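Single-structure report; data block below.
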Amino acid sequence: MKTIKIIEVIGTSSASLHTFGERVFEAVKAEIDNNEKVVLSFEGLTALTTGFLNASIGNLYFVFGDKLRDNFELQGVDKPKWQEKIQDAITLGTDKELSKLHQETWDLATSY
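Taking the working numbering, I'd label the letters of the sequence shown as residues 52 to 163.
What follows is the structure, encoded as structure tokens:
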């Protein structure tokens with residue numbers, strides 16, 4: 052089992068940027084692609100945004116779906132608001148229609 056500490060992957064205690072989420076996604080994806088079980092640690096983080104979570108957790112659930120059930124767990128998520136945001140990202144990643152709508156909205160918003 053491989054533990055990935057978000058704070059080490061992004062180099063800061065503020066998990067606030069979409070690009071940080073992409074880094075975490077790639078780190079976890081590489082391990083799961085190698086059939087490793089992954090523990091993703093939130094320990095030491097002071098900030099957590101929806102953009103970060105959608106790019107990391109949401110994309111992991113979008114790509115791997117049910118495979119994460121046995122190969123992936125979260126650690127150090129003690130704040131109820133963070134748990135809620137994480138659940139929203141999981142919902143976005145597992146609901147293909149909602150994910151498509153979110154992507155279309157993102158594309159529209161960033162096209163200006």
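Just so it is clear, CB atoms sit at the ideal spot from N, CA and C, and this is done for glycine as well. Only a predicted model underlies this, so the values are computations on that prediction, with no experimental measurement involved.
The DSSP-derived three-state label of VAL75 is helix.
Beta-carbon to beta-carbon, ALA78 and VAL90 are separated by about 12 Å, too far to satisfy the 8 Å threshold. The residue among PHE71, PHE113, ASP129 and ASN86 with its C-alpha nearest the C-alpha of GLU94 is ASP129. The shortest C-alpha to C-alpha distance from GLU87 to any of SER64, THR142, SER67 and ARG120 is the one to ARG120.
C-alpha of THR97 to C-alpha of LEU68: approximately 13 Å in a straight line. Taking THR101 as the centre and dropping the five residues before and after it, the same chain places the C-beta of LYS136, ASP139 and ALA140 closer than 8 Å to its C-beta, in chain order. With respect to the C-alpha of GLY109, the residue from SER65, THR142, ASP84 and THR161 having the closest C-alpha is THR142.
ILE55 has LEU91 as its beta-bridge partners, per DSSP.
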